[in-house]
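Written below as structure tokens is the structure these notes are about.
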Amino acid sequence: MINSAHLSSASWGTLASGDPVQLFTLRNAHGMKVAISDLGATLVSWHAPDRTGRLDDILLGHDTPAEYFAASTYMGALVGRWANRIAHARFTLDGIEYTLDRNDGPNLLHGGAAGFHRAMWDVSEDNGALVMRLESAEGDAGFPGNVTVQVRYTLDDDGTLAIDYEAVSDAPTPLNLTSHPYFNLTGQPDTDIRGHVMTIEADTFFEVDTELIPSRRAEVAGNAFDFRQSAPVGARLDWPHAQLARAGGFDHCYVLDDMPAPEATLRPVRQVARVYEPGSGRELTVSTNERGLQFYTGNYVEGIVGRNGAVYRKHAGLCVEPGAFPNQINMEESERERVVLRPGEVYRQATRYRVGV
């Protein structure tokens, strides 16, 4: 049991396996609180004030651990070993072909059916931060190497949730981690995110094929994908664009930079996106040291039963997920090597979600 000024814990129930599940709550000096579970290192809720000071939960989610374990939407989960898709659930590394878990048609999605989102994480506290750790054995979902992952959650008084990832491996392996919260800044579960105003600092994005695998880089200029100047999400969803029709909305990776840095750790953490909800006054900014940002508009949540029995509609939440490019392990060699973690190296990824008014 953890109890401090900034972090507390409580029992949250059990899974069908009998595993007990805990809920950990980070608090800041202004009443903001973020609840995180050791099941999937999952962001379960985030209570944040609007312009009048009213606290609402700005994340989509479920009521029980069993619902999270059974769900296919990855709400709030830490996903790995590979966030997003790997085409045909296979890749070749150092001359060896690996076959992975196919859980999205012929492809691997978010680490496979038994990915990090369904794992029980070990938990500790470090100076008010919540630290979670997971040992992923060689062969998990077909990936090589024994991988140790650590994620650190810190909630600052300015409303910033810092998520810092580290990982090591005893054999070469692809690794791409992200967190998958669905935000709705209205704090009202019966609404959608069409009125949210989005900004993304990117000139290009990846178009996708019929299986939502990147097919080519494209310019954002002059089309629905251009969020370099703030634009309402709903107006852009209504644009006649073949890519939006194919994905049922936005489910595309934006290219944040093409810096030739050999190590991701050399890239600075910088702001890459902003979301504003006019009704509540809430604003979400996203900062990262990653090269990609997946923008997803909750295209497949319609009919999902969420917290307090709420039935979500299409586009009930949006995700802005920093990470590597989808299927990057199967791109040209220069891109492949950027996402391979080798023995003696440390994978590091930093994400900052800041909520204010």
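Numbering-wise (the working numbering), the sequence shown opens with residue -16 and increments by one. Ideal Cβ placement from N, Cα and C applies to all residues, glycine included. Nothing here was measured: the structure is a model prediction, and the numbers come from that model.
In this structure, how does DSSP classify V203 when only helix, strand and coil are distinguished?
As a working mapping, residue 203 is identified with position 220 in the sequence shown. DSSP places V203 in coil when its eight states are reduced to three.
Report the residue ranges of all alpha helix (DSSP H) runs contained in full by the segment 294 to 321; include only those spanning at least 4 residues, in chain order.
316 to 321
Reducing DSSP to helix, strand and coil, say where N291 ends up.
Here residue 291 refers to the residue found at position 308 when the sequence shown is read from its first residue. Helix.
One question on the structure: do L83 and G125 come within less than 7 Å of each other, judged by their Cβ atoms?
Here residue 83 corresponds to residue number 100 of the sequence shown, with the count starting at 1. Here residue 125 corresponds to residue number 142 of the sequence shown, with the count starting at 1. A contact, by the Cβ cut-off of 7 Å.
Determine the extent of the alpha helix (DSSP H) in which Y51 is found, giving its start and end residues.
Along the sequence shown, read from residue 1 onward, the residue named residue 51 stands at position 68. Y51 -> alpha helix (DSSP H) spans 48 to 53.
Determine whether the beta carbon atoms of P197 and V322 lie at a separation below 7 Å.
Sequence index remark: in the sequence shown, residue 197 carries index 214 (1-based). Sequence index remark: in the sequence shown, residue 322 carries index 339 (1-based). Taking 7 Å as the cut-off, the beta carbon of P197 is found no closer than this to the beta carbon of V322.
Could you compute how far the alpha carbon of T193 sits from the alpha carbon of A207?
By one-based count along the sequence shown, residue 193 stands at place 210. By one-based count along the sequence shown, residue 207 stands at place 224. Computed Cα separation, rounded: 19 Å.
Give me the Cα-Cα distance between R199 and L239, rounded to the nearest whole angstrom.
Counting from 1 along the sequence shown, the entry for residue 199 is found at position 216. Counting from 1 along the sequence shown, the entry for residue 239 is found at position 256. Roughly 15 Å between the two C-alpha positions.
Per DSSP, which residues does F354 bridge with? Please list them.
As shown, the chain starts at -16 and ends at 340. That puts residue 354 outside it, with no answer to give.
Is N67 helix, strand or coil by DSSP?
The residue given as residue 67 occupies position 84 in the sequence shown. Reduced to three states, the DSSP call for N67 is coil.
What do you reckon, are the CB atoms on V252 and A333 nearer than 7 Å?
As a working note, residue 252 is residue 269 in the sequence shown. As a working note, residue 333 is residue 350 in the sequence shown. A contact, by the Cβ cut-off of 7 Å.
Under a three-way DSSP split, which group does D99 fall into?
For this step, residue 99 is matched to residue 116 along the sequence shown. A small fix is needed here, since residue 99 is Phe in this sequence, not Asp. Note: F99 maps to helix in three-state DSSP.
Which residues in the same chain have their Cβ closer than 7 Å to the Cβ of D153, if we skip the five residues on either side of it in sequence?
By 1-based counting over the sequence shown, the position of residue 153 is 170. Same-chain partners within the cutoff: G128, N129, P326.
Under a Cβ-count criterion, where at least 16 other Cβ atoms within 10 Å of its own Cβ denotes burial, should W104 be classed as buried or exposed?
As a position in the sequence shown, residue 104 is number 121, starting the count at 1. Flag for W104 reads buried.
Which residue's Cα is closest to the Cα of N291: D173, L117, E108?
The count along the sequence shown starts at 1 and reaches residue 291 at position 308. For the residues D173, L117, E108, the minimum Cα distance to N291 belongs to D173.
Short of 6 Å in beta carbon distance, which residues of its chain neighbour P3, apart from the five on each side in sequence? Order them along the chain.
Along the sequence shown, read from residue 1 onward, the residue named residue 3 stands at position 20. Hits under 6 Å: T(-3).
Strictly by DSSP, which residues pair up with V284?
Locating residue 284 in the sequence shown gives position 301, where the first residue counts as 1. Note: V284 sits in no beta bridge, so no partner.
CA-CA distance, T280 and W(-5)?
Along the sequence shown, one-based indexing puts residue 280 at 297. Along the sequence shown, one-based indexing puts residue -5 at 12. The C-alpha of T280 lies about 29 Å from the C-alpha of W(-5).
Just tell me which of H13, L301, Y81 has its CA closest to the CA of G170.
Mapped onto the sequence shown, residue 170 falls at position 187. The shortest C-alpha separation from G170 is found at L301.
Using the Cα positions of Y237 and R219, report the straight-line distance between them to the nearest angstrom.
Start at 1 with the first residue of the sequence shown, and residue 237 comes out as number 254. Start at 1 with the first residue of the sequence shown, and residue 219 comes out as number 236. So the alpha carbons of these two residues sit roughly 16 Å apart.
Please go through the same chain and pick out, in chain order, the residues whose beta-carbon is closer than 7 Å to the beta-carbon of H224, but skip the five residues on each side of it.
Within the sequence shown, residue 224 is the residue found at index 241, counting from 1. Around H224: N206, A207.
Less than 7 Å between the C-beta atoms of Y148 and L113, yes or no?
Counting from one through the sequence shown, the residue named residue 148 turns up at place 165. Counting from one through the sequence shown, the residue named residue 113 turns up at place 130. No. Outside cutoff.
Starting from the Cα of N86, find the closest Cα among G78, Y330, N167, R68 and give me that residue.
In the sequence shown, the residue the question calls residue 86 occupies position 103. For N86, the nearest C-alpha among the options comes from R68.
According to DSSP, is R325 part of a helix, a strand, or is it coil?
One-based indexing of the sequence shown puts residue 325 at position 342. Here R325 sits in coil by DSSP.
Given T143, which residues of its chain have a CB within under 6 Å of its CB, disregarding the five upstream and five downstream residues?
Counting from 1 along the sequence shown, the entry for residue 143 is found at position 160. Closer than 6 Å at Cβ, skipping near neighbours: R335, R337.
Excluding sequence positions up to five away, which residues of its chain have a Cβ less than 6 Å from the Cβ of G63?
Translated into positions along the sequence shown, residue 63 becomes position 80. Hits under 6 Å: G94, F99, L160.
What are the boundary residues of the alpha helix (DSSP H) that V216 is part of?
Position 233 of the sequence shown, counted from the start, is the residue given in the question as residue 216. Note, V216: alpha helix (DSSP H), 216 to 220.
Can you name the residues that DSSP bridges to I183?
The count along the sequence shown starts at 1 and reaches residue 183 at position 200. According to DSSP, I183 bridges with A256.
Given N11, which residues of its chain have a CB within under 6 Å of its CB, disregarding the five upstream and five downstream residues?
Your numbering for residue 11 matches position 28 in the sequence shown. Around N11: L138, D140.
Within its chain, find whatever has a CB closer than 6 Å to the CB of I183; leave out the 5 residues flanking it on each side and keep chain order.
Here residue 183 refers to the residue found at position 200 of the sequence shown. F210, Y237, A256.
Run through the segment 94 to 146 for me and flag every whole beta strand (DSSP E) of 3 or more residues, listed as ranges in chain order.
Fully enclosed beta strand (DSSP E) runs of 3 or longer: 105 to 109, 112 to 119, 130 to 138.
Taking a contact to mean a Cβ-Cβ separation below 7 Å, would you say R265 touches D77 in this structure?
Taking the first residue of the sequence shown as 1, we reach residue 265 at position 282. Taking the first residue of the sequence shown as 1, we reach residue 77 at position 94. The answer is no: Cβ separation not under 7 Å.
D40 and S28: beta carbons closer than 7 Å?
Counted from its first residue, the sequence shown places residue 40 at position 57. Counted from its first residue, the sequence shown places residue 28 at position 45. In this structure, S28 lies closer than 7 Å to D40 by Cβ.
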